[in-house]
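K.L.:
Structure incoming, see below.
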Ligand SMILES: O=C(O)c1cccc(C(=O)CC[C@H]2O[C@@H](n3cnc4c(=O)[nH]cnc43)[C@H](O)[C@@H]2O)c1
């Protein structure tokens, strides 16, 4: 049998890596990197790693803010696509996206692996939809109202960069996150880090199971 190429899991911070590795245990076909916070660091560090050898695909994993009534604290979100809402230009008539400017796209496609999400659904609420990649985490009512209209289920800060790196190496990309806080007016006392990190460990365990079952981890979402 041909050896499987490794899958690269990109997380933002060391604590996420520790939680994920607790779940993964020893798994030779999975590698984890800390790509940094924000999508510029995430793109640079993911691309650097992808340039070292061939990979099967990339999954961005971490904690995220969930939009109220769409993804509650403790639930898991799987991206159908990523939108970076800030990339573009302001004008007196309103925001002009990078797509309208003709310089690229603010949306990146993502895959949802049915086996992985199916297994995660046994123990968690798993929501599928758009995950925003933001430069500035929402912290005011004004920004919340602007972003809430975009219809996303969650926001985080790295997916757009990790997706851009995967795309430049022609590799499939997924984003899976556990919800640590509600998107809204900043109140750190309401964040639930222990629950979110427990969820990351469980994502690690489930990836391990799916990988051991010989599934590919990047089957197409219908
Ligand atoms: O102290 C703060 O206000 C604060 C705001 C956003 C994120 C943090 C972090 O310490 C974690 C950074 C990490 O977490 C992801 N994340 C989690 N929740 C959100 C959110 O509501 N909006 C955007 N990003 C979020 C993010 O991907 C970073 O990697 C602290």
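Residue numbers (UniProt numbering): 1 to 222. No residue lacks a Cβ here, since even glycine has one placed at the ideal position from N, Cα and C. Owing to the predicted nature of the structure, the values given are computational and were not obtained by experimental measurement.
CB-CB under 6 Å to residue 27, same chain, minus the five flanking residues each way: which ones, in chain order?
P.N.:
Residue numbering aside, residue 27 sits at position 27 when the chain shown is read from its first letter. Within the same chain, residue 27 has close Cβ partners 208.
K.L.:
By Cβ distance below 8 Å, which residues in the same chain neighbour residue 20 in space, the five residues on each side in sequence not counted?
P.N.:
The sequence position of residue 20 within the chain shown is 20, counting from 1. Cβ within range, chain order: 9, 11, 32, 61, 200, 201, 203, 204.
K.L.:
Relative to the C-alpha of residue 127, which residue among 161, 179, 115, 87 is closest?
P.N.:
As a working note, residue 127 is residue 127 in the chain shown. The shortest C-alpha separation from residue 127 is found at 179.
K.L.:
So, under 8 Å CB-CB, residue 17 and residue 34 are touching, yes? Tell me the CB distance rounded to an integer number of Å.
P.N.:
Here residue 17 corresponds to residue number 17 of the chain shown, with the count starting at 1. Here residue 34 corresponds to residue number 34 of the chain shown, with the count starting at 1. With 8 Å as the limit, residue 17 and residue 34 qualify as a contact, their Cβ atoms being about 5 Å apart.
K.L.:
Have a look at residue 74 and residue 156 and give me their C-alpha separation to the nearest angstrom.
P.N.:
By one-based count along the chain shown, residue 74 stands at place 74. By one-based count along the chain shown, residue 156 stands at place 156. C-alpha separation (whole angstroms): 15 Å.
K.L.:
Using a Cβ-Cβ cut-off of 7 Å (strictly less than) and excluding sequence neighbours within five positions of residue 89, which residues of its own chain qualify?
P.N.:
Counting from 1 along the chain shown, the entry for residue 89 is found at position 89. Excluding sequence neighbours, residue 89 sits near 96, 101.
K.L.:
Mind checking who residue 77 pairs with in its DSSP beta bridge?
P.N.:
Locating residue 77 in the chain shown gives position 77, counting from the first residue. Looking at the DSSP assignment, residue 77 forms a beta bridge with 127, 177.
K.L.:
Is residue 22 helix, strand or coil by DSSP?
P.N.:
Within the chain shown, numbered from 1, the residue matching residue 22 stands at position 22. Here residue 22 sits in helix by DSSP.
K.L.:
Can you check DSSP and say which residues form a bridge with residue 30?
P.N.:
Taking the first residue of the chain shown as 1, we reach residue 30 at position 30. DSSP lists 7 as partners of residue 30.
K.L.:
With a threshold of 7 Å (Cβ to nearest heavy atom), would residue 186 be considered close to ligand 1?
P.N.:
Position 186 of the chain shown, counting from 1, holds the residue named residue 186. Answer for residue 186: yes, Cβ within range of ligand 1.
K.L.:
For residue 103, count neighbouring C-beta atoms within 10 Å of its own C-beta (all shown protein chains included) and say buried if the count is 16 or more, exposed if not.
P.N.:
Position 103 of the chain shown holds residue 103. The residue in question, residue 103, is exposed, as its Cβ has fewer than 16 Cβ neighbours within 10 Å.
K.L.:
Cβ of residue 80 within 8 Å of Cβ of residue 159?
P.N.:
Sequence index remark: in the chain shown, residue 80 carries index 80 (1-based). Sequence index remark: in the chain shown, residue 159 carries index 159 (1-based). No, Cβ-Cβ distance for residue 80 and residue 159 is not below 8 Å.
K.L.:
Does the Cβ of residue 155 lie closer than 7 Å to at least one heavy atom of ligand 1?
P.N.:
Here the question's residue 155 lines up with position 155 in the chain shown. Yes; taking the cut-off as 7 Å, the Cβ of residue 155 has a heavy atom of ligand 1 nearer than that.
K.L.:
Within a Cβ cutoff of 8 Å, which residues of the same chain sit near residue 171, ignoring the five residues on either side of it in sequence?
P.N.:
Translated into the one-based positions of the chain shown, residue 171 becomes position 171. These residues qualify, in order along the chain: 50, 55, 56, 57, 58.
K.L.:
Between 218, 23, 82, which lies nearest to residue 114 when the distance is taken from Cα to Cα?
P.N.:
Reading the chain shown from its first residue, position 114 is the one you call residue 114. Nearest of 218, 23, 82 to residue 114, Cα basis: 218.
K.L.:
Determine, using beta carbons only, whether residue 67 and residue 148 come nearer to each other than 8 Å.
P.N.:
Residue 67 sits at position 67 when you count from the first residue of the chain shown. Residue 148 sits at position 148 when you count from the first residue of the chain shown. Yes, the pair counts as a contact, with Cβ atoms nearer than the cut-off.
K.L.:
Would residue 64 pass as a contact of residue 133 if the rule is Cβ separation under 8 Å?
P.N.:
As a working mapping, residue 64 is identified with position 64 in the chain shown. As a working mapping, residue 133 is identified with position 133 in the chain shown. Not closer than 8 Å, so no.
K.L.:
Rank 94, 69, 176, 122 by C-alpha distance to the C-alpha of residue 111 and give the top, closest one.
P.N.:
Locating residue 111 in the chain shown gives position 111, counting from the first residue. For residue 111, the nearest C-alpha among the options comes from 176.
K.L.:
From the DSSP output, which residues share a beta bridge with residue 132?
P.N.:
Within the chain shown, numbered from 1, the residue matching residue 132 stands at position 132. DSSP, once it has assigned bridges, lists 83, 155 as partnering residue 132.
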